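All residue numbers for the sequence shown refer to the numbering used here, where the first residue is 1 and numbers rise by one.
From the three backbone atoms N, C-alpha and C, an ideal C-beta is built for every residue, glycine too.
Fair warning: this is a prediction, and the values are worked out from it, not measured in the lab.
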Amino acid sequence: MSSGSRTGALALLALWLAACATAEPSASRADAWDVAQRVIGMLPPRGQAKWASLSAAQQAEVVALAEPFLLRWNADRDRRHLAVILSAFTAGWNARAPEPAVTCTLLETVQCY
Numbered sequence: 001m002s003s004g005s006r007t008g009a010l011a012l013l014a015l016w017l018a019a020c021a022t023a024e025p026s027a028s029r030a031d032a033w034d035v036a037q038r039v040i041g042m043l044p045p046r047g048q049a050k051w052a053s054l055s056a057a058q059q060a061e062v063v064a065l066a067e068p069f070l071l072r073w074n075a076d077r078d079r080r081h082l083a084v085i086l087s088a089f090t091a092g093w094n095a096r097a098p099e100p101a102v103t104c105t106l107l108e109t110v111q112c113y
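Set out below in structure tokens:
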């Protein structure tokens, strides 16, 4: 290997390491997943069954769809954010597994029908 190509390779390695060091951690995904699991735990049996009917990939898509609201609700526990999360979950899981359609909403408590 010539010194020019070795220098180029070292420069690429340094650039790659710098990018890895400055990249945002994937903690928000894990946090969103953890919050989603808490929300799923709050659902009545019909909502939990609908969630369980999704594949792991479909569940990840639904969580990604609701991620900003999951993180916001986790921070402030605002019922409006929870209502949006339930709407996103409902739209996401019914688009991915239409039958039987299950809708969850927030009244005084979480209701699924």
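**Report entry** C-alpha distance - L65 paired with I85, whole-angstrom precision
**Finding:** 9 Å
Review point. Out of R72, H81, W51, which has the shortest C-alpha to C-alpha gap to I40?
Key: W51
For this session: Pull up the distance between the alpha-carbon of E108 and that of A83, whole angstroms please.
Result: 11 Å
Review point. How far does the beta strand (DSSP E) with L106 in it reach, from first residue to last?
Key: 104-106
Next on the checklist: Alpha carbons only, please: which of L106, D34, G47 is nearest the one belonging to D78?
Outcome noted: It is L106 whose Cα lies nearest to the Cα of D78.
### E99 classed as buried or exposed, judged by whether at least 16 other C-beta atoms fall within 10 angstroms
exposed
* Asked: Excluding five sequence neighbours on each side, which residues of the same chain lie with their C-beta closer than 6 Å to the C-beta of N74?
  -> V35
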